[in-house]
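Accompanying notes for the structure given below.
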Amino acid sequence: MSPSFFEIVQLSNGDYALRRIDDESAPLVKISFSEEAREMMADKDMNVAKAMIAAGIEAVGSVAHDIDWEEDDQETAEIAPSYTLH
3 MSPSFFEIVQ LSNGDYALRR IDDESAPLVK ISFSEEAREM MADKDMNVAK
53 AMIAAGIEAV GSVAHDIDWE EDDQETAEIA PSYTLH
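Just so you know, we're using my numbering here: the sequence shown kicks off at 3 and counts up by one.
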């Protein structure tokens, strides 16, 4: 199996997405900012999106071995909130 390469792109609606370079299907991750947030970032929204994606990848790599995925799937099936509060 060949290694996958990823790219961060800006979508036509202004959102940012992480996708495989060789795959035009649905992105792996999408990030959208409100107009208010974009104004506060003063044209730094791409840098913020890159940092958010990098932090997410790092976090997954750090905690993936500690997660019981099967137990986690059962919990989310029982309770499915429409949002996640951090």
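Beta carbons: idealized from backbone N, C-alpha and C, even for Gly. Here the structure is a predicted model, which means the values were calculated and not measured.
The ligand ZN heavy atoms versus the CB of A53: any closer than 7 Å? Summarising the ligand content, the structure contains no ligands, and the ligand ZN is consequently not present.
For my contact list, V11 and R21 are in at a C-beta cut-off of 8 Å; report their separation, rounded to the angstrom. Confirmed, Cβ separation roughly 7 Å.
Which class does K52 belong to by DSSP, given the choice of helix, strand or coil? helix
What is the DSSP secondary structure of H88, counted as helix, strand or coil? Residue placement at H88 is flagged as unreliable, the pLDDT there being 49, under the threshold of 50; a coordinate-derived value is accordingly withheld.
What separation, rounded to the nearest whole angstrom, lies between the Cα atoms of H88 and D24? Only weak support is given to the placement of H88: the predicted model assigns it a pLDDT of 49, under 50, and the value that follows is read from those uncertain coordinates. Roughly 33 Å separates the two Cα atoms.
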